[in-house]
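Trainee:
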Ligand code: DGL
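Residue numbers (this note's numbering): 11 to 273.
Here is the structure:
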């Protein structure tokens with residue numbers, strides 16, 4: 011059973027790819043809608059939430075944890091791996107970095123993300139360690155998560171804000187842009203339009219799904235709870251007005267939300 015969590019809707023962009031590539035594995039998703047957004051909170055708070063979310067998914071029977079959130083992936087992974095040392099964790103930052111490295115030609119890479127992710131400087135450290143010639147330009151985009159959770163996926167206001175966030179990165183001549191928040195693929199079209207055709211977008215969902223597939227192939231004992239219909243079980247910490255509607259639209263299937271209280 012694969013346990014996946016995020017602060018809200020964002021992690022569903024990873025769920026969708028896992029459903030595509032591994033439809034027979036049971037997925038249990040937790041969206042922490044009562045405490046979203048994570049990306050404006052301190053690393054300490056985000057780490058505390060991540061520990062609680064992991065415990066919840068493990069209690070529900072998860073054998074693998076997918077941290078489908080850059081804000082958690084950039085701050086809490088060392089603590090999670092230490093506390094739950096026998097659990098395999100998959101995060102979203104390293105696969106994004108690897109994919110960007112493959113795509114860039116001029117070595118100028120942009121990243122947009124929450125304040126927590128950008129301020130963690132995780133991408134700066136990772137790129138510096140693998141290729142010091144990479145020039146990384148970071149831009150916090152704090153307004154995007156609330157707009158997406160609010161369902162403003164196509165509004166002109168959202169387009170204008172995306173445009174404003176991308177101007178400084180475009181001025182630097184980037185050829186690759188990391189979507190450093192799992193919410194952003196939900197407005198990928200707008201981001202691509204405002205970035206322009208020459209900038210390639212990095213969404214690591216597909217790579218993560220493939221990594222998990224390979225991992226299960228070499229650890230077949232993890233794949234005992236197969237489900238023929240691949241119906242994911244989706245938990246949230248609060249029933250928010252748009253979650254169900256956007257989740258159904260995005261995943262292209264009917265879902266039933268279950269509300270839980272972690273505190
Ligand atoms: N989707 C998450 C991320 O990738 C969380 C965004 C938030 O809650 O601020 O960072």
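Don't be surprised by glycine CBs; every beta carbon is placed ideally from N, CA and C.
Please list the terminal residues of the continuous beta strand (DSSP E) segment that includes residue 243.
Mentor: Per DSSP, residue 243 belongs to the beta strand (DSSP E) from 243–246.
Trainee: Classify residue 5 as buried or exposed, calling it buried when 16 or more other Cβ atoms lie within 10 Å of its own Cβ.
Mentor: Summary: the structure shown does not reach residue 5, with the chain confined to residues 11 through 273, and so no result is reported for it.
Trainee: Count Cβ pairs between the stretch 127–138 and the stretch 239–248 that sit closer than 8 Å; are there 3 or more?
Mentor: No: the two stretches stay apart, fewer than three of their Cβ pairs being nearer than 8 Å.
Trainee: Within 10 angstroms of its Cβ, does residue 225 collect 16 or more other Cβ (buried), or is it exposed?
Mentor: Counting Cβ neighbours within 10 Å, residue 225 comes out exposed, since fewer than 16 surround it.
Trainee: Measuring CA to CA, which of 176, 21, 266 is closest to residue 150?
Mentor: The shortest C-alpha separation from residue 150 is found at 176.
Trainee: Does the beta-carbon distance from residue 79 to residue 250 come in below 8 Å?
Mentor: No, they are not a contact pair.
Trainee: Residue 38 and residue 65 - do their beta-carbons sit closer together than 8 Å?
Mentor: No.
Trainee: Taking 8 Å as the threshold, find out whether the stretch 201–215 comes into contact with the stretch 94–108 through three or more Cβ pairs.
Mentor: Yes, the stretch 201–215 is in contact with the stretch 94–108.
Trainee: Do you know whose CA, among 157, 223, 167, lies nearest residue 252's CA?
Mentor: Nearest C-alpha to residue 252: 157.
Trainee: Give the DSSP bridge partners of residue 16, in chain order.
Mentor: Looking at the DSSP assignment, residue 16 forms a beta bridge with 41.
Trainee: For the stretch 49–57 against the stretch 20–36, do three or more pairs of beta-carbon atoms, one drawn from each stretch, fall closer than 8 Å, so that the two count as touching?
Mentor: Touching, no, given that fewer than three Cβ pairs across the two stretches are closer than 8 Å.
Trainee: Would you say the beta carbon of residue 48 comes nearer than 7 Å to a heavy atom of the ligand DGL?
Mentor: Correct: residue 48 has its Cβ closer than 7 Å to the ligand DGL.
Trainee: Is residue 20 close to the ligand DGL? I mean its beta-carbon at under 7 Å from any heavy atom of the ligand.
Mentor: Checking every heavy atom of the ligand DGL against the Cβ of residue 20, one is found closer than 7 Å.
Trainee: Do you know how far the Cα of residue 17 is from the Cα of residue 202?
Mentor: Going by the C-alpha atoms only, they are around 24 Å apart.
Trainee: Tell me whether the stretch 156–171 and the stretch 108–127 touch, counting them as touching only if at least three CB pairs, one residue from each stretch, are closer than 8 Å.
Mentor: The stretch 156–171, when compared against the stretch 108–127, does not touch it at the 8 Å Cβ threshold.
Trainee: According to DSSP, what are the bridge partners of residue 56?
Mentor: Partner(s): none; residue 56 has no beta bridge.
Trainee: Use the C-beta contact count for residue 107: other C-beta atoms within 10 angstroms, 16 or more gives buried, fewer gives exposed.
Mentor: Buried is the call here.
Trainee: Among all the DSSP beta bridges, which residues are the ones paired with residue 75?
Mentor: Partner(s): 13, 99.
Trainee: Per DSSP, which residues does residue 194 bridge with? Please list them.
Mentor: BP columns for residue 194 are empty, so no partner.
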